[in-house]
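Undergrad: Below is the structure I would like to discuss, written out as structure tokens.
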Amino acid sequence: MQRVVCPGSFDPVTNGHVDIISRAAGLYDEVVVAVLINITKRSLFTVDERVAMLREITSGYGNVRIDRFHGLLVDFCTANGITAVVRGLRAVSDYEYEMQMAQMNYRLAKVETLFMSSNPLYSFLSSSLVKEIAKYGGDVSGLVPESVLEQLRSRLAEE
Ligand code: PNS
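Here it is in structure tokens:
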């Protein structure tokens, strides 16, 4: 049983995330998508909202499970029998930070990291850019799932 984790903030989940999750689901027996609970960082969507969005979007995959975690990712991995982390790499700019985390996670608990090159269609995409563009009325359709698009619109209308 090969169980991997796709960890992240997912505030909100983008089509780039969905691409990585679905490709990981094709390679491994089980993919746990783990949403980081970070009380110090201001987010647009609550953890519950992000978990619900991810559940809806991945409902068609029998081997994808959505969870949440706080503290160290390696502790979540140990507690859930996960031996590897899957991370998408968009560009060289991602490499330094991702490499550092991967090496530290291996040093801490022998948790491996598998890098998946992002689909070039989404290599410029990030949750923060999506939020910024949507906030100023830009068009983010095609960059996030339809359901996220609706929730982005209603959340930003409230602000
Ligand atoms: O979507 P993000 O914000 O790029 O995801 C970053 C994440 C959640 C993978 C990373 O911040 C993380 O693993 N945080 C948990 C705390 C932790 O384990 N820190 C040490 C990393 S070596």
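If you read the sequence shown in numbering that gives the first Met the number 0, its first letter stands for residue 0, the second for the next number, and so on. Ideal Cβ placement from N, Cα and C applies to all residues, glycine included.
(1) Where does Val91 land, buried or exposed, given buried means 16+ other C-beta within 10 angstroms?
(2) Got a sec: does ligand 3 put a non-hydrogen atom nearer than 7 Å to the Cβ of Pro6?
(3) Tell me whether the beta-carbon of Leu168 lies closer than 8 Å to the beta-carbon of Ser117.
(4) Would the beta-carbon of Met98 be found less than 7 Å away from any heavy atom of ligand 1?
(5) Counting pairs of Cβ atoms below 8 Å between the segment 27 to 34 and the segment 47 to 65, do you hit three or more?
(6) Would you please state the rounded distance, in angstroms, between the beta carbons of Asn37 and Pro144? I believe it to be under 8 Å.
(7) On a CA-only basis, which of Thr45, Ser21, Met115 is nearest Phe9? Give me that one, please.
(8) So which of Tyr135, Glu157, Lys130, Val84 has the shortest CA-CA distance to Val147?
TA: In this structure, then:
(1) exposed
(2) Among the ligands modelled here, namely ligand 1, ligand 3 does not occur.
(3) Past the edges of the chain, shown from 0 to 158, lies residue 168, and the structure says nothing about it.
(4) no
(5) yes
(6) At roughly 22 Å, the Cβ-Cβ gap does not stay under 8 Å, so Asn37 and Pro144 are not in contact.
(7) Thr45
(8) Lys130
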